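So in UniProt numbering, the last one in the sequence shown is 336, and the numbering has no gaps at all.
We treat Cβ as the ideally placed atom computed from N, Cα and C, and that holds for glycine.
Since the model is a prediction, treat every value here as computed from it, not as a measurement.
Reading through the structure tokens given below for one structure.
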Amino acid sequence: MLEPKISVIMPVFNAFPFLSESIQSILNQTFSEFELIILNDKSTDESLQIINNFKAIDNRIVLIDKEQNVGPANLRNEGINIAKGDYIALMDADDIAMPNRFEKQLTFLKNNPEIGLCGTWFTFFDAESKTIKHSVDSDAIKVSFLHSCNIGNPTVMFKKEVLGDLKFDNDYVPVEDYDLWSRLLAKTKFYNIPESLLNYRQHNTNISKTKVDNVNRSVRRVKINQLAHLEISDSDPKIDSYLNAVSLKKKLSPEEIIESINASKHLITQNAKINYFNQELFEKHINKVLIRSIRNAASYNKTFYRFLKSDAASIFNKISLLDRTIIYFKSLKGGK
1 MLEPKISVIM PVFNAFPFLS ESIQSILNQT FSEFELIILN DKSTDESLQI INNFKAIDNR
61 IVLIDKEQNV GPANLRNEGI NIAKGDYIAL MDADDIAMPN RFEKQLTFLK NNPEIGLCGT
121 WFTFFDAESK TIKHSVDSDA IKVSFLHSCN IGNPTVMFKK EVLGDLKFDN DYVPVEDYDL
181 WSRLLAKTKF YNIPESLLNY RQHNTNISKT KVDNVNRSVR RVKINQLAHL EISDSDPKID
241 SYLNAVSLKK KLSPEEIIES INASKHLITQ NAKINYFNQE LFEKHINKVL IRSIRNAASY
301 NKTFYRFLKS DAASIFNKIS LLDRTIIYFK SLKGGK
């Protein structure tokens, strides 16, 4: 096989029911000059047998069979380290790539040298059929990352050279992709092709409270790390107010919303000085978050309403007249 243009990284752990379909969707790509690096994370089902069956008939497959379970973040790092291609494509072991995914992403990256990473829209299937339409251009993606990861990880293709010494951090699992892409956004531009080029399989699994708490802690750290670009320290006593200004949290108290609105003014000033985010999009994002926070407040009172009508009038007046009227009457009932 000639030197591959693309190295596809696919971690596998007990993916037997879906693995064949996933591998086949890669082998069927209209762009064929790739290597498929499959990293088996000590699966206990028939995954290894399936991989070997495909490997016997297609020499583009490279198998890494781990003797110990190391987790998806470490597997992806290992795959990237041994990759021969100039471009890295990520793929999960239970998803299905559309046949022209690689062709479209590679063409886009070659034609747009300023873009370092290219994702696509994707469609949930099985449990429900819904296409996720993330922000398309880099400035919008960057701002939206303040709230959540705006890149579908198994849709990603990036130029290997832009990654540098960055890697997936196992301490952030299972949101290690959100962490890595938020750091890479500081180095290069992103783009999402506005077309669904991957079917994403949802699983109905019960997540323990401990795991939910771990996810929330990791997500919080990623958001704080992004605010560091605006010279906001994680030890700042107003850190929660800054976070609530850029990422929606429902059922905040009136006092918390007032603090968030006040904190947002400092964020806007800081970004105008540093210019890390597109200023117009940044202000629109904050306004949207704060408007939703006001609509979803835990309670209302007269003091809060007076603040909204005066100090926060520029935000409050963007809310529909009907909602402002409802908030007014709720505030009357809420007392002082």
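- According to the DSSP assignment, Glu280 belongs to the alpha helix (DSSP H) that extends over 279–295.
- DSSP, read as helix, strand or coil, puts Asn69 in coil.
- For Phe329, the number of other beta carbons within 10 angstroms of its own is below 16, and it is reported as exposed.
- Secondary structure at Lys318: coil, using DSSP grouped into helix, strand and coil.
- Scanning the UniProt domain "Glycosyltransferase 2-like" (7–135) for uninterrupted alpha helix (DSSP H) segments of 4 residues or longer gives 16–27, 47–55, 72–82, 101–111, listed from N- to C-terminal end.
- In the structure shown, Ser260 adopts helical secondary structure according to DSSP, grouped into three states.
- For Leu198, the enclosing beta strand (DSSP E) starts and ends at 189–201.
- Looking at the backbone, the Cα of Arg183 and that of Gln226 are separated by about 8 angstroms.
- Under the DSSP assignment, Phe304 falls in the alpha helix (DSSP H) whose first and last residues are 302–309.
- Under the three-state reduction of DSSP output, Lys273 falls in the helix class.
- Between the alpha carbons of Ala73 and Asn170 lies a gap of roughly 5 angstroms.
- By alpha-carbon distance to Gln24, the top candidate from Val70, Tyr87, Ile80, Asp94 is Asp94.
- Boundaries of the beta strand (DSSP E) around Lys159: 157–159.
- In the structure shown, Asn244 falls within a helical segment according to DSSP collapsed to helix, strand and coil.
- Val212 counts as exposed, since fewer than 16 other C-beta atoms from the protein chains shown sit within 10 angstroms of its C-beta.
- Residue state for Ile232 is assigned as coil, using DSSP reduced to three classes.
- Between Phe31 and Pro4 a beta carbon distance of about 11 angstroms is seen, past the 8 angstroms cut, so the two are scored as non-contacting.
- Annotation for Ala186: no alpha helix (DSSP H) segment contains it, and DSSP assigns it neither H nor E.
- A direct Cα-to-Cα measurement between Trp121 and Asn28 gives close to 20 angstroms.
- Annotated three-state conformation of Glu3 is coil, per DSSP.
- Residue environment for Asn192: buried (at least 16 other C-beta atoms within 10 angstroms of its C-beta).
- Distance from Asn69 to Asp45 at the Cβ level is roughly 13 angstroms; contact not present, criterion being Cβ atoms closer than 8 angstroms.
- Taking C-beta separations shorter than 6 angstroms and ignoring five residues to either side along the sequence, the partners of Asp179 in its chain run Asp169, Tyr172, Val222, following chain order.
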